[in-house]
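A.B. asks: Residue numbers (the UniProt record's numbering), protein chains in the order written: chain A, 1 to 632; chain B, 1 to 187. Quick one: the structure is below, and I'll ask about it shortly.
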Amino acid sequence: MSTITLHDTHNNGHHDDHDHGHHEQSFITKYVFSQDHKMIAKQFLITGIVMAVIAMGLSILFRIQLAWPDKSFPILETFLGKWAEGGRIKPDFYLALVTIHGTIMVFFVLTAGLSGTFSNLLIPLQLGVRDMASPFMNMLSYWFFFTACIIMMSSFFIQTGPASAGWTIYPPLSALPKAIPGSGLGMTLWLASMVLFVVSQLMGGINYVSTVLNMRTKGMDLWKMPLTIWAFFLTAILGVLSFPVLVAGVVLLIFDRSFGTSFYLSDIVMGSQVLPNEGGSPILWEHLFWFLGHPEVYIVIMPALGISSEVISVNSRKPIFGYHAMVYSLIGITVLSFIVWGHHMFVTGMNPLLGGVFMITTLIIAVPSAVKTFNYLATLWRGNIRFTPAMLCAIGMVSFFISGGLTGIFLGNASLDINLHDTYFVVAHFHLVMGSAAIFGMLAGVYHWYPKMFGTMMNAKLGYLHFWVTFICAYLVFFPLHFLGLDGVPRRYYAFTEFEFMQKWVTVNIFVTWSAIVAALAQVAFLFNFFYSIFFGKKATQNPWESNTLEWTTPVEHIHGNWPGEIPTVHRWPYDYSKPGAEQDFIPQTVPYSETMLSNMPHDFEGNAESERIQREWDAKNAPEKADVHFH
Amino acid sequence: MEQELPPSLKAKKFILWLFVVSSTIMFGGFTSFYIVFAASKGKGHGLVLPDVFMYSTAVLVLSSICLFFAAKAVRNQNVQTQKIFLSATLVLGLVFAWLQIDAWSALYQTGATLVNNNAAISLIYIVSGMHLLHIVAGLCFIAISLFGAFSNVPAQKAVYRIEIASIFWHFIDILWIYLYVFLLLNS
Ligand code: HEM
Ligand SMILES: [Cu+2]
Numbered sequence: 001m002s003t004i005t006l007h008d009t010h011n012n013g014h015h016d017d018h019d020h021g022h023h024e025q026s027f028i029t030k031y032v033f034s035q036d037h038k039m040i041a042k043q044f045l046i047t048g049i050v051m052a053v054i055a056m057g058l059s060i061l062f063r064i065q066l067a068w069p070d071k072s073f074p075i076l077e078t079f080l081g082k083w084a085e086g087g088r089i090k091p092d093f094y095l096a097l098v099t100i101h102g103t104i105m106v107f108f109v110l111t112a113g114l115s116g117t118f119s120n121l122l123i124p125l126q127l128g129v130r131d132m133a134s135p136f137m138n139m140l141s142y143w144f145f146f147t148a149c150i151i152m153m154s155s156f157f158i159q160t161g162p163a164s165a166g167w168t169i170y171p172p173l174s175a176l177p178k179a180i181p182g183s184g185l186g187m188t189l190w191l192a193s194m195v196l197f198v199v200s201q202l203m204g205g206i207n208y209v210s211t212v213l214n215m216r217t218k219g220m221d222l223w224k225m226p227l228t229i230w231a232f233f234l235t236a237i238l239g240v241l242s243f244p245v246l247v248a249g250v251v252l253l254i255f256d257r258s259f260g261t262s263f264y265l266s267d268i269v270m271g272s273q274v275l276p277n278e279g280g281s282p283i284l285w286e287h288l289f290w291f292l293g294h295p296e297v298y299i300v301i302m303p304a305l306g307i308s309s310e311v312i313s314v315n316s317r318k319p320i321f322g323y324h325a326m327v328y329s330l331i332g333i334t335v336l337s338f339i340v341w342g343h344h345m346f347v348t349g350m351n352p353l354l355g356g357v358f359m360i361t362t363l364i365i366a367v368p369s370a371v372k373t374f375n376y377l378a379t380l381w382r383g384n385i386r387f388t389p390a391m392l393c394a395i396g397m398v399s400f401f402i403s404g405g406l407t408g409i410f411l412g413n414a415s416l417d418i419n420l421h422d423t424y425f426v427v428a429h430f431h432l433v434m435g436s437a438a439i440f441g442m443l444a445g446v447y448h449w450y451p452k453m454f455g456t457m458m459n460a461k462l463g464y465l466h467f468w469v470t471f472i473c474a475y476l477v478f479f480p481l482h483f484l485g486l487d488g489v490p491r492r493y494y495a496f497t498e499f500e501f502m503q504k505w506v507t508v509n510i511f512v513t514w515s516a517i518v519a520a521l522a523q524v525a526f527l528f529n530f531f532y533s534i535f536f537g538k539k540a541t542q543n544p545w546e547s548n549t550l551e552w553t554t555p556v557e558h559i560h561g562n563w564p565g566e567i568p569t570v571h572r573w574p575y576d577y578s579k580p581g582a583e584q585d586f587i588p589q590t591v592p593y594s595e596t597m598l599s600n601m602p603h604d605f606e607g608n609a610e611s612e613r614i615q616r617e618w619d620a621k622n623a624p625e626k627a628d629v630h631f632h
Numbered sequence: 001m002e003q004e005l006p007p008s009l010k011a012k013k014f015i016l017w018l019f020v021v022s023s024t025i026m027f028g029g030f031t032s033f034y035i036v037f038a039a040s041k042g043k044g045h046g047l048v049l050p051d052v053f054m055y056s057t058a059v060l061v062l063s064s065i066c067l068f069f070a071a072k073a074v075r076n077q078n079v080q081t082q083k084i085f086l087s088a089t090l091v092l093g094l095v096f097a098w099l100q101i102d103a104w105s106a107l108y109q110t111g112a113t114l115v116n117n118n119a120a121i122s123l124i125y126i127v128s129g130m131h132l133l134h135i136v137a138g139l140c141f142i143a144i145s146l147f148g149a150f151s152n153v154p155a156q157k158a159v160y161r162i163e164i165a166s167i168f169w170h171f172i173d174i175l176w177i178y179l180y181v182f183l184l185l186n187s
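This is the structure we're talking about:
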């Protein structure tokens, strides 16, 4: 839609096809069982934040164990009871902590919390839609997620403790209820929780895809969508295509656990008892798990990439560099992420030829990742940068994506991975590239769209404090872990003092733990800022960041249906920042070309001859110098 | 008379298609498991599948045909024919479910039990069982459509309901044929 509409019909408030926003809602339908995507987004966000705080608390607990394996902290016993008898965390509980920390962070915070919040908030708002394709399913999606959270947390209140087989729950630890304490009821709860979680993600993801494909406002063709939406859209597709495989794997696992089948089990002796299971193989689980598991890491990072694109472009006051390349690299990542899962299994006795294939596909995925990175940097380059807290977090995201992505290239080489697999090097890799990068992307989103969500502004000074402390501490925590890994220190080991060759790393562990504690304290600044500003923050203006996208054309006061009048029509792409000749340094997507004759460029019309002719005549009359430049 | 669905219903119909896709992938997960398992062990389930599976397959195909005629009747606003064919679909669906359970007992009697040291045999139960869950959901869709026929819902809604039911039912029909042929070929 790039014609010059000389008599434009873009007058809001004429009539209303839906008459949304005028009917009264009860407390229950407005705040609890809400079907409004904006409220559901906030529910996902706040649940995600609560889960993140819990998971961070767990990590501090096991970091204490790693730093001071022989010291007793009586206070731990006060809180944890028999799991920290004598003030020392027990080995079983240590494994439970690691497992639940990973599960919550990967699935509940960075999958549901991130996509759930921003896909829900922005897909309708940035595409000009009144609500999701199925608001009811959207509501169910949240409540399934909520129930999953409750079930996962409930495993801390049972006798045998939570699941302890790691977030990837490899059998046999996950398949034999008697293997370790966490394999019992805790594992059952883990599986129940994850089944609900997957249902929630599928309902959400299917809804997002359908909304993006079917319900965009007039003029919003796919190539006018903001990169946020592209990212959420492709993320949802990834989820819809990969989560079902996890379901398949989990169904088989449940049968192994509860009915005695042998999908993943063979030749097992427990104590003095020989188990009857025969013929299965845990490697089959690894295949099914990582077929989801690898796309899952991109499900985590792609929304963060999309959010960063938007935030960086807005705050550099420049069009995003290489919009099409950004989209194609997202598509490339989406496709490639289905054929690289074997890189998690190089040392399972995989046929070296197959390992070679997975190595090549893995290294190819670095190409679209690098394209994105360079495009961010090129967008920043000579931009008119506004260092808002959101912008800092987005730049931080890019930084972590680079420093963590580089180590992926090491790990992706099968021969190097033989040394590095299951060491702290892997832990460092994914905490930088996935953990830190995605968290910073999410924080960028929170700082940036907070005014849209709550109608108030967060305090910028607290934002800076939060950013800098977290950013520095995240590097201090994760960077040293590379060296442990290079020295061969395995992950998930309980006490460094028990192994001669690991003892020298205890001092590093102490340093890392202190950094983690400082990072955790810095989150208080964020939490205070977040909750305080909801009630007492400065009132937001309609378009506080002077941004082009549609969400900023909605009123600050939320209404069900988003726009009081007609839904706006879209006339241009979302990245017209600092366009030469324009009156301001931004031109919202709703402004037709007929109102910006002075700044229009020939390529704006995408080959529409009639519009080009009108523009040429106008230029000849009103701006001869421009006609000279562009139309020869 | 063709009825155009409004965009919101179109988007909802699209949701069902996406569900079909994800469900297909889940079964793809099961059959991939089977292939990798069979390749690494050099053996499949090694059974002659019970004949009941053949009958159940025929019944399911027949039910799909009935549903096809029911959908046609809805579009022609022929409520009577619609009721007959929808009821037939429903009954055939139930018969299918019963035959599947019968097939399990036939398998069980030959010693090919669910709990088995050949995971390929266990997997027969799993895929047919998961498929049966889909049948239950499909029967619900058909029941809703049938209920609509009896309570005279507006034409547009009737079309929407039968389209939903058709997409899903034909999908699980084809899915079962795929699974059956897969199990026949990879014995
Ligand atoms: C340049 C691109 C990347 C390459 C080549 C790469 C390669 C690898 C390889 C080979 C491993 C397996 C290491 C092992 O277990 O021995 C691995 C682990 C991992 N990667 Fe990456 N990676 C890349 C980017 C990413 C991104 C973008 C994310 C997430 C956003 C990510 C998340 C993870 C996670 C979570 C693990 C560890 C899973 C576990 O074992 O618990 N990686 N990566
Ligand atoms: Cu991977």
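Every residue, glycine too, gets a C-beta built ideally from N, C-alpha and C. No experiment lies behind these values; they were computed from the predicted model shown.
Any C-beta of chain B sitting closer than 9 Å to the C-beta of A:Ala248?
C.D. replies: With 9 Å as the cut-off, A:Ala248 counts as an interface residue toward chain B.
A.B. asks: What do you reckon, is the C-beta of A:Tyr170 under 8 Å from a heavy atom of ligand 1?
C.D. replies: Outside the cutoff, so no.
A.B. asks: How far does the alpha helix (DSSP H) with A:Val300 in it reach, from first residue to last?
C.D. replies: Segment Pro282 to Ser316, the alpha helix (DSSP H) holding A:Val300.
A.B. asks: In the segment 266-280 of chain A, which residues sit with their C-beta less than 9 Å from some C-beta in chain B, listed in chain order?
C.D. replies: Answer in chain order: Ser266, Pro276, Asn277, Glu278, Gly279 and Gly280.
A.B. asks: Please list, in chain order, the residues of the segment 125-153 of chain A that have any C-beta partner in chain B closer than 9 Å.
C.D. replies: From the segment 125-153 of chain A, only Met132, Ala133, Ser134 and Met137 have a Cβ closer than 9 Å to chain B.
A.B. asks: Between the C-alpha atoms of A:Phe197 and A:Thr147, what's the straight-line distance to the nearest angstrom?
C.D. replies: Approximately 8 Å, taken between the alpha carbons.
A.B. asks: So within the segment 333-402 of chain A, which uninterrupted beta strand (DSSP E) runs reach at least 3 residues, ignoring any that extend past its ends?
C.D. replies: Correct list: empty.
A.B. asks: Would you say the beta carbon of A:Trp83 comes nearer than 8 Å to a heavy atom of ligand 2?
C.D. replies: False, no ligand heavy atom lies under 8 Å from that Cβ.
A.B. asks: With a threshold of 8 Å, establish whether the CB of A:Phe526 neighbours any heavy atom of ligand 1.
C.D. replies: It does not: the Cβ of A:Phe526 is nowhere closer than 8 Å to a heavy atom of ligand 1.
A.B. asks: Identify the contact partners of A:Val340 in chain B, using a Cβ-Cβ distance below 8 Å as the criterion.
C.D. replies: The contacting residues do not exist; A:Val340 stays about 16 Å from chain B at best.
A.B. asks: Any idea if A:Met270 is buried or exposed, counting beta-carbon neighbours within 10 angstroms, 16 or more meaning buried?
C.D. replies: Looking at its Cβ environment, which holds fewer than 16 other Cβ atoms inside 10 Å, A:Met270 is exposed.
A.B. asks: Express the C-alpha separation of B:Cys140 and B:Pro7 in angstroms, rounding to a whole number.
C.D. replies: Taking the straight line from one Cα to the other gives about 24 Å.
A.B. asks: Could you have a look at A:Thr456 and say whether DSSP puts it in helix, strand or coil?
C.D. replies: Looking at A:Thr456 - three-state DSSP - the assignment turns out to be strand.
A.B. asks: Beta carbon of A:Thr103: closer than 8 Å to some heavy atom of ligand 1?
C.D. replies: No, the Cβ of A:Thr103 stays beyond 8 Å of every heavy atom of ligand 1.
A.B. asks: Kindly indicate if chain B contains any beta-carbon less than 9 Å away from that of A:Thr361.
C.D. replies: Chain B, which has no Cβ nearer than 9 Å to the Cβ of A:Thr361, makes this no.
A.B. asks: Can you say whether A:Asp417 is buried or exposed, counting buried as having 16 or more other CB atoms within 10 angstroms of its CB?
C.D. replies: Flag for A:Asp417 reads buried.
A.B. asks: Indicate whether at least one CB of chain B lies closer than 9 Å to the CB of A:Val251.
C.D. replies: Taking Cβ atoms only, chain B reaches closer than 9 Å to A:Val251, which makes this a yes.
A.B. asks: Output needed for B:Asp51: all residues of its chain with C-beta closer than 7 Å, excluding positions within five of it in sequence on either side, in chain order.
C.D. replies: Excluding residues within five positions, none has a Cβ falling inside 7 Å.
A.B. asks: Under 9 Å, do A:Thr168 and A:Pro177 count as touching if we go by C-beta distance?
C.D. replies: Cβ atoms of A:Thr168 and A:Pro177: not closer than 9 Å.
A.B. asks: Along the chain, which unbroken stretches of the beta strand (DSSP E) at least 3 residues long are found entirely within the segment 481-517 of chain A?
C.D. replies: If we require 3 residues or more, the segment 481-517 of chain A turns out to have no beta strand (DSSP E) run fully inside it.
A.B. asks: How would you call A:Phe145, buried or exposed, if buried means at least 16 neighbouring beta carbons within 10 angstroms?
C.D. replies: With 16 or more other Cβ atoms within 10 Å, it is buried.
A.B. asks: Any heavy atom of ligand 1 closer than 8 Å to the beta-carbon of A:Phe430?
C.D. replies: Because some heavy atom of ligand 1 lies under 8 Å away, the Cβ of A:Phe430 counts as near it: yes.
A.B. asks: Please list the partners that A:Asn214 has in chain B, where partner means a Cβ-to-Cβ separation under 8 Å.
C.D. replies: The answer, in chain order, is Pro7, Lys10, Ala11 and Phe14.
A.B. asks: Would DSSP call A:Met442 helix, strand or coil?
C.D. replies: Helix, per DSSP.
A.B. asks: Is the CB-CB distance between A:Ser155 and A:Trp190 below 9 Å?
C.D. replies: Against a cut-off of 9 Å, the Cβ pair of A:Trp190 and A:Ser155 comes out as a contact.
A.B. asks: Rounded to the nearest angstrom, what separates A:Ile49 and A:Leu443 at their Cα positions?
C.D. replies: Those two C-alpha atoms are separated by around 10 Å.
A.B. asks: Roughly how many angstroms separate the alpha carbons of residue 189 of chain B and B:Tyr180, rounded to a whole number?
C.D. replies: This structure does not reach residue 189 of chain B, given that chain B is present from 1 up to 187, and the question cannot be answered.
A.B. asks: With a cut-off of 9 Å, does the C-beta of B:Ser187 fall near any C-beta of chain A?
C.D. replies: False, the Cβ-Cβ gap to chain A never drops below 9 Å.
A.B. asks: Taking just the CA atoms, how far does A:Ala460 sit from A:Ala390?
C.D. replies: Each residue's Cα considered, the two are about 9 Å apart.
A.B. asks: At the level of alpha carbons, what is the spacing between B:Ala120 and A:Leu292?
C.D. replies: Distance between the alpha carbons of B:Ala120 and A:Leu292: 22 Å.
A.B. asks: Between A:Gly21 and A:Met458, what straight-line distance do the alpha-carbon atoms span, to the nearest angstrom?
C.D. replies: Model confidence at A:Gly21 stands at a pLDDT of 42, short of 50, so the residue's coordinates are unreliable; what they give is reported in the following sentence. Their Cα atoms are separated by approximately 26 Å.
A.B. asks: Run the proximity test for A:Gly396: is its beta-carbon closer than 8 Å to any non-hydrogen atom belonging to ligand 1?
C.D. replies: A:Gly396: no, Cβ never under 8 Å from ligand 1.
A.B. asks: Taking Cβ-Cβ distances below 8 Å as the criterion, which residues of the segment 29-61 of chain B are in contact with chain A?
C.D. replies: Hits within the stretch, in order: Gly29, Phe30, Ser32, Phe33, Val36, Phe37, Ser40 and Lys41.
A.B. asks: What residues of chain B sit near A:Phe259, judged by a beta carbon separation below 9 Å?
C.D. replies: Under the 9 Å cutoff, chain B gives Leu114, Val115 and Ser122.
A.B. asks: Where B:Val136 and B:Cys66 are concerned, what is the direct C-alpha to C-alpha distance, given to the nearest angstrom?
C.D. replies: Their Cα atoms are separated by approximately 18 Å.
A.B. asks: To the nearest whole angstrom, what separates the beta carbons of A:Asp422 and A:Pro480, a pair I think is in contact under 8 Å?
C.D. replies: So it is not a contact: roughly 18 Å between Cβ atoms.
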